[in-house]
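A.B. asks: My questions all concern the structure below.
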Amino acid sequence: MVTAERRGGGEGVRGLYPFLYPGPGGTDADAVAQAAASTREKVAEIADLRRRVAALHATRIVECARDMAGRFTAGGRLFTFGNGGSSTDAQQVATTFLNPREGRPLPALCLTCDVAVVTALSNDAGFEVVFARQIAALARPGDIALGLSTSGGSANMLGAFREARARGLLTVALAGYEGGQLAESSMDGVLDHLFIVPSSSVHRIQEAQTTVYHILWEATQHALRDSTPIGT
8 MVTAERRGGG EGVRGLYPFL YPGPGGTDAD AVAQAAASTR EKVAEIADLR RRVAALHATR
68 IVECARDMAG RFTAGGRLFT FGNGGSSTDA QQVATTFLNP REGRPLPALC LTCDVAVVTA
128 LSNDAGFEVV FARQIAALAR PGDIALGLST SGGSANMLGA FREARARGLL TVALAGYEGG
188 QLAESSMDGV LDHLFIVPSS SVHRIQEAQT TVYHILWEAT QHALRDSTPI GT
């Protein structure tokens, strides 16, 4: 039920979510019908986008998983990072690899989880190096750097990948739109794997990226199944 309080929301909210507000002479039933139609539309959008991503990247996801499995088998660790909503996704990636409901636990750390470190680096050195500095301090050759971005243009992401490449890490990036700066020639030789979700909707990009990294985890588990135990 759409309440009177909701109907009284500002035009800003009304402009973003018009289906929550009955039009002139409209009813709550009209608003519910519009909300349902909007939901169906968004479900169709993400289903179509996931099919497109599968067509674009399925083979390359398997290749990336094999590379990651090789690093893990040799004792490598996974470092994940991102900004804003992508920071939350980066934390989920690390959690998925480190504490799976099934399969082999793998060493993983998200570089946004320690608030003290993030704020210290941001305040003292600058936000553009908040990930690169952590990679410089923690990572070693044979590790993995995985970053998520919707725009593909965040300076701290670009810097982190360059630092990771210089230190011999496997570099994996997920981006939206057309890939942003992560897809430009300046990143040639910096990224081992780049998965672009071809959408201009931040919501749809992040939803599709969630699918990509869960499949990447599953494919990595498959690749590891018959490999040498980690750390040996």
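The numbers in the numbering used here rise by one with no breaks, and the one at position 153 of the sequence shown is 160. C-beta atoms are modelled at their ideal positions from N, C-alpha and C, and glycine is treated no differently. Bear in mind that the values here come from a model prediction, so they are computed numbers and not experimental data.
1. Arginine 59: which of Ile222, Thr227, Leu223, Pro205 sits nearest, CA to CA?
2. According to DSSP, what are the bridge partners of serine 61?
3. Kindly indicate which residue of Gln98, Asp96, Ala115 has the alpha-carbon position closest to the one of leucine 105.
4. Give the secondary structure of glycine 238 by DSSP, where H, G and I count as helix, E and B as strand, and everything else as coil.
5. Considering alanine 162, what are the terminal residues of the alpha helix (DSSP H) in which it resides?
6. Which residues does DSSP list as the beta-bridge partners of valine 179?
7. Report the partner residues of alanine 42 according to the DSSP bridge assignment.
8. Cutting at 6 Å between CB atoms, please list the residues of its own chain near alanine 182, excluding the five before and the five after it.
9. Fully enclosed by the stretch 89-133, which beta strand (DSSP E) runs are 3 residues long or longer?
10. Would you kindly work out how many angstroms separate the C-alpha atoms of methionine 194 and aspartate 150, rounded to a whole number?
11. Give a yes or no on contact between the stretch 205-223 and the stretch 77-86, applying the rule of three or more CB pairs nearer than 8 Å.
12. Leaving out five residues on either side along the sequence, give the residues of the same chain with a beta carbon under 7 Å from the beta carbon of alanine 167.
13. Taking its Cβ as the centre, do 16 or more other Cβ atoms sit within 10 Å of methionine 8, making it buried, or is it exposed?
14. Thinking glutamine 228 and arginine 111 are a contact (beta carbons under 8 Å), I'd like their distance in whole angstroms, please.
15. With a CB to CB cut of under 7 Å and the five nearest residues on each side skipped, what residues in its chain are close to valine 197?
16. Assuming tyrosine 220 and valine 69 are in contact, meaning their beta carbons sit under 8 Å apart, how far apart are those beta carbons, in whole angstroms?
C.D. replies: Reading from the atomic positions:
1. Position 52 of the sequence shown, counted from the first residue, corresponds to residue 59. Arginine 59 has its Cα closest to that of Pro205, out of Ile222, Thr227, Leu223, Pro205.
2. Reading the sequence shown from its first residue, position 54 is the one you call residue 61. Reading off the sequence shown, one finds alanine at residue 61, where the question assumed serine. According to DSSP, alanine 61 bridges with nothing at all.
3. Here residue 105 refers to the residue found at position 98 of the sequence shown. Nearest neighbour of leucine 105 by Cα position, chosen from Gln98, Asp96, Ala115, turns out to be Ala115.
4. Here residue 238 refers to the residue found at position 231 of the sequence shown. Note that glycine 238 scores a pLDDT of 47, beneath 50, so its modelled location is shaky and nothing firm can be said.
5. Taking the sequence shown and counting its residues from 1, one reaches residue 162 at position 155. Where alanine 162 is concerned, the enclosing alpha helix (DSSP H) stretches over 162-173.
6. For the purposes of this step, residue 179 is identified with residue 172 of the sequence shown, where counting begins at 1. BP columns for valine 179 point to Leu153, His200.
7. Residue numbering aside, residue 42 sits at position 35 when the sequence shown is read from its first letter. Per DSSP, none; premise fails for alanine 42.
8. Residue 182 sits at position 175 when you count from the first residue of the sequence shown. These residues qualify, in order along the chain: Ser156, Gly159, Leu189, Ile203.
9. List check, beta strand (DSSP E) in window: 115-117.
10. Reading the sequence shown from its first residue, position 187 is the one you call residue 194. Reading the sequence shown from its first residue, position 143 is the one you call residue 150. Whole-angstrom Cα-Cα distance: 19 Å.
11. no
12. Counted from its first residue, the sequence shown places residue 167 at position 160. Excluding positions up to five away in sequence, the list reads Phe88, Phe138, Ala139, Ile142, Ala152, Gly154.
13. As a working note, residue 8 is residue 1 in the sequence shown. The pLDDT assigned to methionine 8 is 39, lower than 50, so where the model puts this residue is not dependable; a value taken from the coordinates is nonetheless given after this. With fewer than 16 other Cβ atoms within 10 Å, it is exposed.
14. Looking up residue 228 in the sequence shown gives position 221. Looking up residue 111 in the sequence shown gives position 104. Correct: roughly 6 Å between the Cβ atoms.
15. Numbered from 1 along the sequence shown, position 190 holds the residue referred to as residue 197. Excluding residues within five positions, the ones whose Cβ falls inside 7 Å are Phe168, Arg169, Arg172, Thr178.
16. Translated into the one-based positions of the sequence shown, residue 220 becomes position 213. Translated into the one-based positions of the sequence shown, residue 69 becomes position 62. No, tyrosine 220 and valine 69 are not in contact; Cβ-Cβ is about 14 Å, not under 8 Å.
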